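Below: one structure, written as structure tokens.
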Amino acid sequence: MKRYDVVISGFGSVGRQVARLLHERKERYRMVYDADVRLVGVMRSTAGCYADEGLALEQVQAFSAEKSMGDKKKTGADFLAACPFDILIEAGPSDIVTGGMALSYTRTALSRGKHVIAISKGALIADYQGLHEAARRHGAMLKVSGATAAALPTVDLLQYNLAGCEVALIEGIFTGTANFVLSAMMEEGISMEEAIIRAQQMGIAEPDPRFDLEGWDTACKLTIMANAAFHAGIRLSDVARKGIQGITPELVQKWKADGLVPKLVGSLRKVDDTLQAAVDVQLLSETHPFAQVRGTTKAIRLETDTMGELLVVGGKSDPVAAAAAALKDLEHILQANRAKG
1 MKRYDVVISG
11 FGSVGRQVAR
21 LLHERKERYR
31 MVYDADVRLV
41 GVMRSTAGCY
51 ADEGLALEQV
61 QAFSAEKSMG
71 DKKKTGADFL
81 AACPFDILIE
91 AGPSDIVTGG
101 MALSYTRTAL
111 SRGKHVIAIS
121 KGALIADYQG
131 LHEAARRHGA
141 MLKVSGATAA
151 ALPTVDLLQY
161 NLAGCEVALI
171 EGIFTGTANF
181 VLSAMMEEGI
191 SMEEAIIRAQ
201 QMGIAEPDPR
211 FDLEGWDTAC
221 KLTIMANAAF
231 HAGIRLSDVA
241 RKGIQGITPE
251 LVQKWKADGL
261 VPKLVGSLRK
271 VDDTLQAAVD
281 VQLLSETHPF
291 AQVRGTTKAI
301 RLETDTMGEL
311 LVVGGKSDPV
321 AAAAAALKDL
331 EHILQANRAK
341 G
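Residue numbering for the sequence shown is 1 to 341, as defined by UniProt numbering.
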């Protein structure tokens with residue numbers, strides 16, 4: 001039985017769910033992949049916790065509950081240098097301008113031939129091409145499901161299910177927070193401010209929701225999808241972006257009277273030899289499939305040359321779903337390594 005030592009960088013709500021699911025699924029990995037998967041290390045910005053033979057769930061829970069727990073000398077690059085591991089799950093804060101520490105951690109791991117499962121977007125936005133090349137050069141895998149709409153399959157759908165197809169169009173509702181706000185305004189006639197407050201009270205929206213509402217989240221996901229699935233080499237600045245800020249109850253009521261449904265839609269469209277990426281508010285007919293996508297639900301629609309049109313709707317928008325998407329990537333790594341023998 002092959003052993004895989006896993007470390008998690010970033011121990012917020014998503015990182016904690018990754019740790020929990022890893023412990024719950026240990027027996028599955030043994031039975032299905034003949035793999036002994038052990039969580040050996042977790043770290044946050046102030047401290048790290050490591051155990052050669054694997055961390056017990058109680059140790060992880062204590063590290064999560066007590067900010068004073070952990071070794072303050074073992075964090076960041078020092079943690080990765082001192083602690084042997086096979087797979088890094090990167091779940092830290094997303095710095096979409098510089099990539100932040102996540103970019104440094106990811107580069108370090110890949111340069112050592114370690115697989116990386118990225119949940120945070122910053123490193124992927126800052127230097128996807130460089131990271132992809134580092135993974136190729138050092139025989140490692142870089143997986144990104146948790147960074148691209150979480151439970152809604154996107155990159156995997158393109159890389160596996162549509163392998164060999166020419167995809168002319170990808171469009172989707174990729175940001176659950178924005179969709180929740182628009183749905184509440186349409187269905188209940190409330191203001192955007194009221195919808196945002198409700199989303200925050202339900203734990204759907206961040207204290208500062210602008211990243212989601214201004215279209216940045218969708219634009220980031222499009223950038224990662226384009227580069228991971230098509231090796232397009234596009235940057236975040238290449239994405240034409242318009243958000244939902246500025247939409248008033250009066251506008252919503254007018255659209256409703258006209259039989260139109262507003263949705264924040266991200267799209268990747270092939271035009272000749274280029275890939276055009278855009279985020280904007282689209283006014284859709286009530287019969288359009290996206291018009292029925294309500295609340296935090298997400299959706300993706302694709303047009304292909306040989307498999308026709310595909311529509312996938314669903315997928316939770318919460319830390320558990322993001323963690324589950326990351327562990328789907330882990331299973332793909334285990335499958336690939338098992339196939340190698």
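Glycine included, each C-beta is placed from N, C-alpha and C at the ideal position.
These numbers come from a predicted model, not from an experiment.
Rounded to whole angstroms, the separation of the alpha carbons of ASP86 and LEU162 is 30 Å. If you check the CB distance, ASP71 and ARG38 do not come in under 8 Å. In the displayed model, GLU250 falls within a helix according to three-state DSSP.
Per DSSP, PRO262 is not a residue of any alpha helix (DSSP H); the beta strand (DSSP E) it occupies stretches across 260–271.
Only residues of its own chain outside the window of five on either side were considered, and among them GLY176, THR296 have a CB closer than 6 Å to the CB of SER317, listed in chain order. For GLU309, the three-state secondary structure derived from DSSP is strand.
Going by beta carbons, ALA228 and VAL144 fall inside the 8 Å limit. Straight through space, the alpha carbons of ILE173 and ILE190 are spaced by roughly 21 Å. The bridge partners DSSP lists for MET43 are SER9, GLY48.
A check of alpha carbon separations from SER120 across LEU21, HIS332, ALA322 identifies ALA322 as the nearest. Excluding sequence positions up to five before and after LYS340, its CB lies less than 8 Å from no other CB in the same chain.
Burial check for VAL116: the Cβ neighbour count within 10 Å reaches 16 or more, so the residue is buried. For GLN282, the beta-bridge partners assigned by DSSP are LYS263. Residues ALA178, GLY243, ILE244, GLN245 of the same chain have their beta carbon placed closer than 6 Å to that of LEU213, with the five preceding and five following residues left out of the count. For the beta strand (DSSP E) assignment, the uninterrupted runs of no fewer than 3 residues enclosed by the region 96–168 are, from N- to C-terminal side, 115–118. Its chain contains GLY99, LEU103 as the residues whose beta carbon lies nearer than 7 Å to that of ASP127, once the 5 sequence neighbours on both sides are disregarded; these appear in chain order.
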